[in-house]
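2 protein chains.
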Amino acid sequence: MEKSPALAALSALANETRLDILRLLVPAGARGLAAGEIASTLGASASRLSFHLATMEEAGLVRARREGRYQRYSVDFAQLGGLIAYLTNDCCRGHPAVCACIAEGIAGGAGAARPAPAIRAARQDRER
Amino acid sequence: MEKSPALAALSALANETRLDILRLLVPAGARGLAAGEIASTLGASASRLSFHLATMEEAGLVRARREGRYQRYSVDFAQLGGLIAYLTNDCCRGHPAVCACIAEGIAGGAGAARPAPAIRAARQDRER
DNA sequence: TCCACTATTCAAGAGTTCTTGAAATGAAAC
DNA sequence: GTTTCATTTCAAGAACTCTTGAATAGTGGA
Chain L
1 MEKSPALAAL SALANETRLD ILRLLVPAGA RGLAAGEIAS TLGASASRLS
51 FHLATMEEAG LVRARREGRY QRYSVDFAQL GGLIAYLTND CCRGHPAVCA
101 CIAEGIAGGA GAARPAPAIR AARQDRER
Chain S
1 MEKSPALAAL SALANETRLD ILRLLVPAGA RGLAAGEIAS TLGASASRLS
51 FHLATMEEAG LVRARREGRY QRYSVDFAQL GGLIAYLTND CCRGHPAVCA
101 CIAEGIAGGA GAARPAPAIR AARQDRER
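Heads up: the protein sequence lines correspond to chains L and S, in order. Take the first sequence: its position 113, counting from 1, is numbered 113 in our numbering, and each next residue is one higher. Take the second sequence: its position 37, counting from 1, is numbered 37 in our numbering, and each next residue is one higher.
1) Go to L/Arg-65, then tell me how far its beta strand (DSSP E) extends in each direction, as first and last residue.
2) Name the two residues that bound the continuous alpha helix (DSSP H) containing S/Ser-47.
3) On the DSSP letters alone, give me the boundaries of the alpha helix (DSSP H) that L/Arg-18 sits inside.
4) Would S/Ala-30 pass as an interface residue toward chain L - the criterion being a Cβ-Cβ separation below 7 Å?
5) Considering only the alpha carbon of each residue, which of S/Leu-80, S/Ala-9 and S/Arg-65 lies closest to L/Pro-96?
6) Give the single residue among L/Gln-71, L/Glu-2 and L/Asn-89 whose Cα lies nearest to the Cα of L/Glu-37.
7) Rounded to a whole number of angstroms, what is the C-alpha to C-alpha distance between S/Ala-100 and L/Arg-65?
8) List the DSSP bridge partners of L/Val-75.
9) Spell out whether any CB of chain L is found under 7 Å from the CB atom of S/Val-98.
10) Anything in chain S within Cβ reach of L/Glu-153, meaning under 9 Å, just list it in chain order.
11) Does the separation of the CB atoms of L/Val-26 and L/Val-98 fall below 7 Å?
12) If we ignore side chains and look at the alpha-carbon of each, how far apart do S/Ala-14 and L/Ala-12 end up?
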């Protein structure tokens, strides 16, 4: 990822409502959620949600797709992964301390029920 | 990392000048750089730099330490790693697609000369 | 066709962030 | 002690972001 889209993605995430939207959309996977479902879950007005979803779509973090009278939004996982890769790699140049912290956080087990391959490998490496 | 410091860190990174500061400070490691060095490298005024460095320090991304008449700033790698771990793990719940993208970016070799253990492990996992 | 439903756009206003240059602070050198 | 250098603080203004509510635009069902 280049600097400018990374900056757009960071700006898009630097907002509580939008971070909440992301956290809601991630478990919804490729199917995503309708704008209205997101709005009611977060207790936000339709126009407010629309504003934030447009910001996230502009930044490439989510995609919209019409399904009947619903507009479904889903996370663009490639873009999200690209942002994290940019931070880890291009920005922090794979600094050992940063990578150790990532592995640490993963081993702490805050989130994933079934960690992805890269995560499992990192954990094994740490425990060796 | 909790949501609120993560949000502060994301806001701190969501600005071109501050992203430039980070990219400058990362290779400088623990020693860091004096405020004036950063300012002259980026071609920004002292007061402007001071504003952005204060924002980053507030967010926990950098630390300041006086050395004679110079104020040296260095990256808090633990905090930075914590942010990336938050995004990867707590926020994206270790989603396979996201992790694959991170590994992809790393394998592309944009940055690190000597990848950290977690990174090496991820790469090996991918190539298996 | 008309109505109900879902979502976006628009304009106004409040709030926040960023930049600028001048003044103040802090630390070393003379 | 005065001067010089490095940095921060302050106040003002410009620019941007966010929220609100009303108006508009699509879509499907009666």
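Note that the Cβ used here is the ideal one computed from N, Cα and C, for glycine as well. Quick caveat: nothing in here was measured; it's all calculated off a predicted structure.
If we stick to the structure as given:
1) In the first sequence, counting from the first residue as 1, residue 65 of chain L sits at position 65. From DSSP, the beta strand (DSSP E) with L/Arg-65 extends over 62-67.
2) For the purposes of this step, residue 47 of chain S is taken as residue 47 along the second sequence, with counting starting at 1. Unbroken alpha helix (DSSP H) run through S/Ser-47: 46-58.
3) In the first sequence, the residue the question calls residue 18 of chain L occupies position 18. Counting along the chain, the alpha helix (DSSP H) containing L/Arg-18 begins and ends at 16-28.
4) Indexing the second sequence from 1 puts residue 30 of chain S at position 30. Not an interface residue.
5) Position 96 of the first sequence, counting from 1, holds the residue named residue 96 of chain L. For the residues S/Leu-80, S/Ala-9 and S/Arg-65, the minimum Cα distance to L/Pro-96 belongs to S/Leu-80.
6) Here residue 37 of chain L is taken as the residue at index 37 of the first sequence, counted from 1. For the residues L/Gln-71, L/Glu-2 and L/Asn-89, the minimum Cα distance to L/Glu-37 belongs to L/Gln-71.
7) Against the second sequence, residue 100 of chain S aligns to sequence position 100. Against the first sequence, residue 65 of chain L aligns to sequence position 65. Cα to Cα, S/Ala-100 sits roughly 24 Å from L/Arg-65.
8) Taking the first sequence and counting its residues from 1, the one referred to as residue 75 of chain L is at position 75. Residue pairing for L/Val-75: DSSP places it in a beta bridge opposite L/Val-62.
9) In the second sequence, counting from the first residue as 1, residue 98 of chain S sits at position 98. At least one chain L Cβ lies under 7 Å of S/Val-98.
10) The displayed coordinates of chain L run from 1 to 128. Any statement about residue 153 of chain L would go beyond what the structure contains.
11) Indexing the first sequence from 1 puts residue 26 of chain L at position 26. Indexing the first sequence from 1 puts residue 98 of chain L at position 98. No, Cβ-Cβ distance for L/Val-26 and L/Val-98 is not below 7 Å.
12) For the purposes of this step, residue 14 of chain S is taken as residue 14 along the second sequence, with counting starting at 1. For the purposes of this step, residue 12 of chain L is taken as residue 12 along the first sequence, with counting starting at 1. Those two C-alpha atoms are separated by around 8 Å.
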